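Heads up, the sequence shown is in the UniProt record's numbering, so the first residue is 1 and it goes up one at a time. For reference, the structure is listed below as structure tokens.
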Amino acid sequence: MRTKWREDFPTSTNPLRFFIFASRPHWVVVICSVAAVVVSGTIYSAGIPYSFKLITDAVTALGGGGSYQAILWAAGMYIVVTTVSHLIWRISGYTGAYWATGARATARHALTSYVTLHSRAYFSDRFAGSISNKIGHASNGARDLVDKFLWEFLALIISIIASFAIAFVTSPLLGATFLVWVVIVTSINVYFGRKRTPLSAKAQAIETKLTGATVDLLSNITAMQEYARRMFEMDRLKEIIRAREKAGLRNWHYGEHVLTFNSLVQACFAAAMVLIAVRLASTGAISAGDVVLILTMIFRVEDQFLFMGSHINRFSETWGEMKDSLEEILLPHEMPDAPDAVELKVTEGKIEFDRVSFGYGTDRIFSRLTFTVPGGERMGLVGRSGAGKSTLIRLLLHHYELETGTINIDGMNIAKVTQESLRENISVVPQEPLLFHRSIQDNIAYGKPGATKEEVKEAARLAQADDFIERLPEGYAALVGERGVKLSGGERQRIAIARAILKNAPILLLDEATSALDSESEVAIQKALQELMKGKTVIAIAHRLSTLREMDRIIVMERGNIIEDGTHAKLLVKRGVYAELWNHQAGGFLQDE
Numbered sequence: 001m002r003t004k005w006r007e008d009f010p011t012s013t014n015p016l017r018f019f020i021f022a023s024r025p026h027w028v029v030v031i032c033s034v035a036a037v038v039v040s041g042t043i044y045s046a047g048i049p050y051s052f053k054l055i056t057d058a059v060t061a062l063g064g065g066g067s068y069q070a071i072l073w074a075a076g077m078y079i080v081v082t083t084v085s086h087l088i089w090r091i092s093g094y095t096g097a098y099w100a101t102g103a104r105a106t107a108r109h110a111l112t113s114y115v116t117l118h119s120r121a122y123f124s125d126r127f128a129g130s131i132s133n134k135i136g137h138a139s140n141g142a143r144d145l146v147d148k149f150l151w152e153f154l155a156l157i158i159s160i161i162a163s164f165a166i167a168f169v170t171s172p173l174l175g176a177t178f179l180v181w182v183v184i185v186t187s188i189n190v191y192f193g194r195k196r197t198p199l200s201a202k203a204q205a206i207e208t209k210l211t212g213a214t215v216d217l218l219s220n221i222t223a224m225q226e227y228a229r230r231m232f233e234m235d236r237l238k239e240i241i242r243a244r245e246k247a248g249l250r251n252w253h254y255g256e257h258v259l260t261f262n263s264l265v266q267a268c269f270a271a272a273m274v275l276i277a278v279r280l281a282s283t284g285a286i287s288a289g290d291v292v293l294i295l296t297m298i299f300r301v302e303d304q305f306l307f308m309g310s311h312i313n314r315f316s317e318t319w320g321e322m323k324d325s326l327e328e329i330l331l332p333h334e335m336p337d338a339p340d341a342v343e344l345k346v347t348e349g350k351i352e353f354d355r356v357s358f359g360y361g362t363d364r365i366f367s368r369l370t371f372t373v374p375g376g377e378r379m380g381l382v383g384r385s386g387a388g389k390s391t392l393i394r395l396l397l398h399h400y401e402l403e404t405g406t407i408n409i410d411g412m413n414i415a416k417v418t419q420e421s422l423r424e425n426i427s428v429v430p431q432e433p434l435l436f437h438r439s440i441q442d443n444i445a446y447g448k449p450g451a452t453k454e455e456v457k458e459a460a461r462l463a464q465a466d467d468f469i470e471r472l473p474e475g476y477a478a479l480v481g482e483r484g485v486k487l488s489g490g491e492r493q494r495i496a497i498a499r500a501i502l503k504n505a506p507i508l509l510l511d512e513a514t515s516a517l518d519s520e521s522e523v524a525i526q527k528a529l530q531e532l533m534k535g536k537t538v539i540a541i542a543h544r545l546s547t548l549r550e551m552d553r554i555i556v557m558e559r560g561n562i563i564e565d566g567t568h569a570k571l572l573v574k575r576g577v578y579a580e581l582w583n584h585q586a587g588g589f590l591q592d593e
């Protein structure tokens with residue numbers, strides 16, 4: 001049974017509501033599983049003790065003229081009850097497996113999809129490993145709740161109801177005693193279970209921190225080795241591990257306290273039930289078979305009650321983990337599409353920054369920045385570090401909300417269009433290429449899902465990447481490693497350029513796109529970029545000023561302001577900041593002072 005995916009998100013961080021959300025698409029197996037447990041549990045809880053009663057009464061009656069036929073009939077009933085209840089229970093196992101795995105799949109898909117809609121700021125403040133860990137905990141929690149609800153709590157409830165009915169029919173006094181037993185034991189476990197939830201949540205929060213720190217360490221293993229900081233990192237990690245150990249031990253010990261208290265209470269009530277049953281039998285109020293029935297019921301329920309504390313302890317842990325994870329994942333999206341957002345349709349590719357003001361917190365970047373890039377124009381951005389060049393590109397991609405002003409593409413305010421359609425119309429080649437731990441083929445084809453192998457190869461050829469790819473033992477099927485670590489900086493850059501070539505969006509953003517290339521590769525790629533830029537609106541940031549010679553226009557920025565605007569030749573003649581930067585560059589690169 002395949003899970004049907006839907007673009008639907010949970011609306012509550014309450015684990016129970018999230019569990020219902022994850023289970024809703026699988027309602028057929030939910031009904032089948034619940035029905036199977038109810039039927040099987042009822043037959044087993046009532047049928048087995050009653051079979052023992054009949055067998056005992058039949059054996060006792062032999063001395064008073066009873067027949068072996070009654071014994072055989074009672075034994076046959078036991079065999080039938082056991083067989084039928086077990087078979088139906090196994091049905092719940094099969095259908096419950098579909099429910100549990102389906103709920104986990106639905107939960108993971110929904111949470112991962114939800115997380116991808118968070119802004120860059122959300123991910124900047126969190127470890128990627130921690131986010132992944134929380135998605136895993138919440139998803140596995142949905143699966144675990146199926147197990148706990150179906151085969152622990154529901155089965156226990158059915159057993160309690162059936163046992164109460166048996167006890168009450170046998171003797172109202174036994175029924176009343178059993179009811180008091182159930183109420184007290186349940187109340188104790190629920191009370192202590194709630195008290196334990198914060199302990200579980202704290203342990204889970206530290207576990208998440210530990211996972212994030214571990215992933216951060218492994219992601220920067222090269223830096224650790226090059227700086228010889230292994231012991232420094234291990235000491236830092238040791239503190240978090242000790243905190244996790246302390247929180248986990250406290251949580252575990254609390255659970256043991258509950259189990260110990262449980263055992264004492266249950267022993268007292270079980271003894272009371274046995275004494276009452278024996279007393280009633282001695283007065284002839286109930287038969288020997290009834291005593292066996294009550295004893296069988298007591299042993300079964302006592303065993304289930306004994307583990308009720310464990311069930312509630314594990315439930316509290318799962319609940320705490322899910323709640324902690326959901327509260328972190330299901331934060332409101334920082335930058336959702338406007339309610340009336342429309343699809344962006346690019347005709348000319350004209351870009352307008354109209355009195356744009358923006359800053360990171362108290363750090364002011366732009367104040368009423370205004371400029372226009374006509375459709376099809378190739379514009380270069382120049383400026384020292386901190387001038388606002390990369391921020392300008394991030395704003396154009398709508399990664400952050402403006403404080404004031406608007407950014408328009410072909411007259412459409414990008415804040416009023418869907419972010420998906422905005423970014424679909426823009427190709428980006430960043431300074432630090434972002435590659436997936438997938439094959440080279442997959443990484444290039446990311447620019448155009450469904451692209452043929454021939455299209456991928458052509459894009460690689462234009463990006464001057466085909467030669468080094470074909471020299472690899474696995475060619476285009478070679479895995480690039482996490483973040484592309486198996487490739488050199490120049491090779492990663494060429495893969496990113498090939499991806500942008502394949503996407504062929506009407507707007508092209510180049511953020512130091514050739515900075516990681518050697519001079520020979522740069523010459524070849526410049527030709528490919530010239531071909532790629534034809535008919536497109538281009539904004540190119542460059543430290544290597546020689547890459548801007550062929551731009552239609554160059555803007556020089558300083559502290560978020562445009563201080564010069566013109567062609568390469570005109571700006572050199574002007575002898576302003578651009579000319580100064582040009583004269584001071586070394587090896588073709590812009591030097592920061």
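Glycine included, C-beta positions come from ideal geometry on N, C-alpha and C. As the structure is a prediction and not an experimental result, all values here were calculated from the model.
Can you tell me whether residue i is helix, strand or coil according to DSSP?
i: residue 400; result: coil
i: residue 20; result: helix
i: residue 509; result: strand
i: residue 372; result: strand
i: residue 379; result: strand
i: residue 192; result: helix
i: residue 435; result: coil
i: residue 4; result: For residue 4, the pLDDT reaches just 48, beneath the cut-off of 50, and the residue's location in the model is therefore unreliable, leaving the point undetermined.
i: residue 269; result: helix
i: residue 540; result: strand
i: residue 11; result: coil
i: residue 479; result: strand
i: residue 549; result: coil
i: residue 120; result: helix
i: residue 92; result: helix
i: residue 367; result: strand
i: residue 204; result: helix
i: residue 463; result: coil
i: residue 172; result: helix
i: residue 98; result: helix
i: residue 245; result: helix
i: residue 212; result: helix
i: residue 386; result: coil
Look up residue i in the DSSP assignment and give the residues it is bridged to.
i: residue 484; result: In DSSP, residue 484 forms no bridge with anything.
i: residue 338; result: DSSP, once it has assigned bridges, lists no residue as partnering residue 338.
i: residue 357; result: 404
i: residue 411; result: Paired residue(s): none; residue 411 is not in a bridge.
i: residue 427; result: 508
i: residue 104; result: Its beta-bridge partners do not exist; DSSP assigns none.
i: residue 417; result: 342
Quick check on the DSSP output: the beta strand (DSSP E) that includes residue i runs from which residue to which?
i: residue 557; result: 553-558
i: residue 132; result: Residue 132 -> not in any beta strand (DSSP E); alpha helix (DSSP H) instead, spanning 128-148.
i: residue 564; result: 561-566
Would you say the beta carbon of residue i comes nearer than 8 Å to a heavy atom of the ligand NAP?
i: residue 288; result: For the structure depicted, the ligand NAP is absent and the ligand set is empty, with no information on it obtainable.
Using beta carbons (cut-off 9 Å, strictly below), is residue i in contact with chain D?
i: residue 348; result: Included in the structure is just one protein chain, with no chain D present.
Where does the unbroken alpha helix (DSSP H) through residue i begin, and where does it stop?
i: residue 452; result: Looking at the DSSP string, residue 452 is not in any alpha helix (DSSP H), and its letter there is neither H nor E.
i: residue 51; result: 27-61
i: residue 489; result: 489-503
i: residue 594; result: Coverage of the chain is limited to positions 1 through 593, which leaves residue 594 absent and any answer about it impossible.
(request) Would you check if there are 3 or more beta carbon pairs closer than 8 Å linking the stretch 533-548 to the stretch 375-384? (result) Remark: three or more beta-carbon pairs, one from each stretch, lie closer than 8 Å, so the stretch 533-548 and the stretch 375-384 are flagged as touching.
(message) Ignoring anything shorter than 4 residues, give me the alpha helix (DSSP H) runs that lie fully in the stretch 272-354, in order along the chain.
(response) 288-306 and 308-329
(message) Contact between the stretch 44-60 and the stretch 78-89 is defined here as three or more beta-carbon pairs at a separation below 8 Å; is this criterion met?
(response) yes
(message) Closer than 8 Å is the cut-off here; do at least three beta carbon pairs connect the stretch 483-495 with the stretch 432-442?
(response) yes
(message) Pairs of beta-carbons, one from the stretch 157-177 and one from the stretch 294-307, closer than 8 Å: are there three or more?
(response) With a cut-off of 8 Å on Cβ pairs, the stretch 157-177 is in contact with the stretch 294-307, counting three or more such pairs.
(message) Assess contact between the stretch 492-505 and the stretch 444-458, defined as three or more Cβ pairs (one per stretch) separated by less than 8 Å. Is contact present?
(response) Enough Cβ pairs lie closer than 8 Å, so yes.
(message) Can you confirm whether the stretch 131-139 touches the stretch 200-219 when touching is taken to mean that 3 or more C-beta pairs between the two stretches lie within less than 8 Å?
(response) yes
(request) Say whether the stretch 53-64 touches the stretch 72-82, bearing in mind that this needs 3 or more beta-carbon pairs closer than 8 Å, one atom from each stretch. (result) yes
(request) Would you check if there are 3 or more beta carbon pairs closer than 8 Å linking the stretch 399-409 to the stretch 347-362? (result) yes
(message) With a threshold of 8 Å, are at least 3 pairs of Cβ atoms found where one atom belongs to the stretch 168-184 and the other to the stretch 266-281?
(response) yes
(message) Quick check: the stretch 310-318 against the stretch 254-266, are at least 3 beta-carbon pairs closer than 8 Å?
(response) In short, these stretches touch, since the Cβ pair count reaches three.
(message) I'd like to know if the stretch 107-114 and the stretch 16-23 are in contact, where contact means that at least 3 CB-CB pairs between them fall below 8 Å.
(response) yes
(request) Spell out a yes or no on whether the stretch 321-330 and the stretch 378-397 are touching, meaning 3 or more CB-CB pairs, one atom from each, closer than 8 Å. (result) no
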